[in-house]
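Accompanying notes for the structure given below.
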Amino acid sequence: MGTDIGDLLQKRKVELSDLSNRVLAIDAFNTLHQFLSIIRQRDGSPLVDSMGRTTSHLSGLLYRTASFVEAGIRPIFIFDGKPPDLKSKTLNRRKEVREFAREKWENAKVEGDLAAAYRYAQASSKVNQEIVEDSRYLLSIMGIPFVQAPCEGEAQAAHMVLKKDADCVASQDYDSFLFGAPTVVRNLAATGKRKLPGKNAYVDVEPEIIELGETLDTLGINREQLIDIAICVGTDYNKGLEKVGPKTALKLIKKYGDIHAVLREKGIEIEAVDRIKELFIHPEVTDDYEIKWNKPDSEKLIEFLSNNRGFSVDRVEKAAERLKVASGAKQKTLDQWF
14 MGTDIGDLLQ KRKVELSDLS NRVLAIDAFN TLHQFLSIIR QRDGSPLVDS MGRTTSHLSG
74 LLYRTASFVE AGIRPIFIFD GKPPDLKSKT LNRRKEVREF AREKWENAKV EGDLAAAYRY
134 AQASSKVNQE IVEDSRYLLS IMGIPFVQAP CEGEAQAAHM VLKKDADCVA SQDYDSFLFG
194 APTVVRNLAA TGKRKLPGKN AYVDVEPEII ELGETLDTLG INREQLIDIA ICVGTDYNKG
254 LEKVGPKTAL KLIKKYGDIH AVLREKGIEI EAVDRIKELF IHPEVTDDYE IKWNKPDSEK
314 LIEFLSNNRG FSVDRVEKAA ERLKVASGAK QKTLDQWF
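Just remember that the numbering used here sits 13 ahead of the position in the sequence shown, which is counted from 1.
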């Protein structure tokens, strides 16, 4: 998902405690997708309640967000709005990938290949409207603010950091930098060991922080040139140039200056290249939001998660208590945390 420019970025490992007292604008769809992908049973089936409704995302939101708050982090979840028309091909392609993965998942379960079943199940996950509505309600009764973006959630999150309404964006995707986010934190939703695809090997997944300014200085380029590099590699709005990865794209942009010069030199075209750049440089965002953290409503949490969705009452009560203790006895508004 997003653009594949990660190899060019200057990354630094951090602990959750290093993010204490910071306000994080979290890409909600990106985070929910991670929860849906990793919180599954051995055969890849998601967690569900007695009525068959998926609860993996609710589990992730409750317990992981409690960990954030305990670490002194003040999260704000940013939800996507209507995607740009230029993203339609990417969305259709993702749908085809999900449907193919679901078919492979079902076949692997029948064959008893649990490893393959789990792998294909992860690729079949989708954030639908019911999941979004459940997540927004859960956040509200947890006392965690959220913002509805008019378009791309990452663009809205970057806008809020640039306005200093948040300190950094939290997302797995690198598109945040193309939208101008000065600081991005990755790997917040999932930490620990992760199996490499197709290999019997694991890597450590730890939170990391990336500063846009540091990366641009190291690479010797500006933000518009980073956008041009991403367009060469491929974005959610266009297919990349054939056989051009991030390092080759960097060389091309540094040699020729911008995407237009590269395309002239190669004698090729990218459809709507100027519109694509405009989507990143001047994305559709809003200032119509209010940010306020409240104490969690334990009764509503138990009613929603335990009575309606089958969560253990004891575990929900403990999570609510963790949130209460971490957030303190009094409500805190955003300016108190800067």
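Where a beta carbon is used, it is the ideal one built from N, C-alpha and C, also for glycine.
Bear in mind the structure is a predicted one, so any value in this text is a computation, not a measurement.
query	result
What do you reckon, are the CB atoms on residue 67 and residue 248 nearer than 9 Å?	no
Just to confirm my understanding: we take residue 172, look at its own chain, exclude 5 residues before and 5 after, and list those with CB closer than 7 Å. What are they?	298
Please name the residue in 111, 256, 187 and 334 whose C-alpha comes closest to that of residue 137.	111
Distance, Cα to Cα, residue 59 vs residue 235?	43 Å
Count the C-beta pairs between the region 332 to 340 and the region 297 to 312 that are closer than 8 Å, then say yes if the count reaches three, no if not.	yes
Are the beta-carbon atoms of residue 38 and residue 92 separated by less than 9 Å?	no
So what does residue 161 bridge to, in DSSP terms?	92
I need the straight-line Cα distance from residue 264 to residue 316, nearest angstrom please.	57 Å
Could you check whether residue 198 and residue 27 sit closer than 9 Å to each other, using their CB atoms as the reference points?	yes
Applying the 10 Å Cβ sphere with the 16-neighbour rule, what's the burial state of residue 42?	buried
Could you give the distance in angstroms between the alpha-carbon of residue 347 and the alpha-carbon of residue 90?	Confidence at residue 347 is low in this model, with a pLDDT of 41, below 50, so its placement is unreliable and no value can be given for it.
May I have the straight-line CA-CA distance separating residue 189 from residue 326, to the nearest angstrom?	38 Å
When the Cα of residue 226 is compared with those of 123, 195, 269 and 294, which residue comes out closest?	195
Counting C-beta neighbours from all protein chains within 10 Å, is the total for residue 128 16 or more, i.e. buried, or is it exposed?	exposed
Within a Cβ cutoff of 7 Å, which residues of the same chain sit near residue 201, ignoring the five residues on either side of it in sequence?	183 and 220
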